[in-house]
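Numbering (this note's numbering), first residue to last: 2 to 332.
Every residue gets a Cβ at the ideal spot worked out from N, C-alpha and C, and that includes glycine.
Working notes for the structure below.
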């Protein structure tokens, strides 16, 4: 039985929605005006229930431990509510669970290691909550994972090396946390990834050249960190890339001219760095505006980029070199 309910009312034990269909397989009540608490009786729903989707409502309170009784669940979605408290440890009973979406709530505590005992988990969406502490290293043992989104929390420490064991990971979002350490070189192990977002953290060090091997990558954001060094030449191999954001770092050196070969690149931002030299003008660069290059004082190129023309810069540099040679010859 597949049921969608449109109801404006309460979802607690004393109120308007009570469901006792023993053969129920799908229950979707998204984007309605449901409010109140999730009742403990939610655990009495059909043991055949495969999909429970209550996202986009006004549900408050905690997630009942009795949710763990829904042993056939493949999908549990409670996104964009007002849930608080921690995730119950009984979540580990949902051994068939493939997709979990708890994003956009006010959940707290550490990310439970019980997730690591869900052998079929493919999608873990916990973004925009108040989780803190480290990312559980044991998540690297959940080989079924395809999408990890932990952005906009209060996570700290470094990214566990074990996560680079997830060879089939497609989307990886750790943005807007307080993660530290050198930018992990293990990122290059995510060979089939399409989206990587590590922006707004405290990463330092150089950008790994190994990232250039992720030819399936569509979106890469490392913005708002403390990265140093140059933009790797290996980025020329990111042939599928649509978005590249390296803004608000401490990158230096030149913009590789080889990036002109990235024919799908549409969104490019290297503003607020310490880059120098000529901005490439071929390929996708002919469509970029000054905002992409702002606050890099030593860049030069076409006027559309909002930087000085290169011949003026080079003439100044040549004059200085000739003067030095002349002085040395006189001495």
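Asked                                                                                                                   : Found
Length of the line joining the Cα atoms of residue 103 and residue 189                                                  : 28 Å
Cβ-based burial, residue 265 [other Cβ within 10 Å; buried from 16]                                                     : exposed
Reduced DSSP category for residue 312 - H, G, I as helix; E, B as strand; rest coil                                     : helix
Residue interval of the beta strand (DSSP E) (run including residue 124)                                                : 124-126
Inter-residue CB distance, residue 282 and residue 300 (contact presumed, cutoff 8 Å)                                   : Contact doesn't hold; Cβ gap of about 12 Å is too wide.
Buried or exposed by the 16-neighbour rule on C-beta atoms within 10 Å, applied to residue 120                          : exposed
Span of the beta strand (DSSP E), counted from its first residue to its last, around residue 207                        : 203-207
Complete beta strand (DSSP E) runs within the segment 193-255 (minimum length 3 residues, chain order)                  : 196-198, 203-207, 220-222, 227-229, 244-246
Within 8 Å, strictly: CB atoms of residue 167 and residue 141                                                           : yes
Assumed close pair residue 83, residue 107 - CB separation to whole angstroms, cut-off 8 Å                              : 6 Å
Reduced DSSP category for residue 289 - H, G, I as helix; E, B as strand; rest coil                                     : coil
Where residue 138 falls: helix, strand or coil (DSSP)                                                                   : helix
Reference residue 269; option with closest CA among 309, 251, 292                                                       : 292
Same chain, Cβ closer than 6 Å to residue 201, five either side skipped, listed in chain order                          : 176, 177, 225
Alpha carbon of residue 122 to alpha carbon of residue 114, nearest angstrom                                            : 13 Å
Whole-angstrom C-beta distance between residue 216 and residue 239, which should lie under 8 Å                          : 7 Å
Proximal residues to residue 312 (C-beta, below 6 Å), its chain only, five neighbours per side dropped                  : none
Contact belief for residue 91 with residue 68 at Cβ below 8 Å, rounded distance in angstroms                            : 7 Å
Entirely enclosed alpha helix (DSSP H) segments - the segment 23-71, minimum 4 residues                                 : none
Residue 150 - containing beta strand (DSSP E), residue span                                                             : 148-150
Between the CA atoms of residue 59 and residue 34 - distance to the nearest angstrom                                    : 6 Å
Neighbourhood of residue 131 by C-beta, 7 Å cutoff - its chain only, sequence neighbours within 5 removed               : 107, 108, 109, 154, 155
Integer-rounded CB distance, given that residue 169 should sit under 8 Å from residue 196                               : Between residue 169 and residue 196 the Cβ distance is about 14 Å, and since that is not below 8 Å, they are no contact.
Close Cβ partners of residue 273 (< 6 Å) along its chain, the five nearest in sequence each way excluded                : 248, 249, 296
Contact set for residue 150: own chain, Cβ-Cβ below 6 Å, skip 5 residues either direction                               : 126, 128, 174
For residue 284, the nearest candidate out of 31, 260, 271, 96 (CA to CA)                                               : 260
CA-to-CA distance, residue 229 to residue 254, given in whole angstroms                                                 : 10 Å
Nonlocal neighbours in the same chain, by C-beta distance under 6 Å from residue 51, ignoring five residues either side : 26, 73, 75
Length of the line joining the Cα atoms of residue 327 and residue 298                                                  : Residue confidence for residue 327 is low, a pLDDT of 35 falling below 50, so the modelled location carries little weight; the figure read from the coordinates is stated next. Those two C-alpha atoms are separated by around 29 Å.
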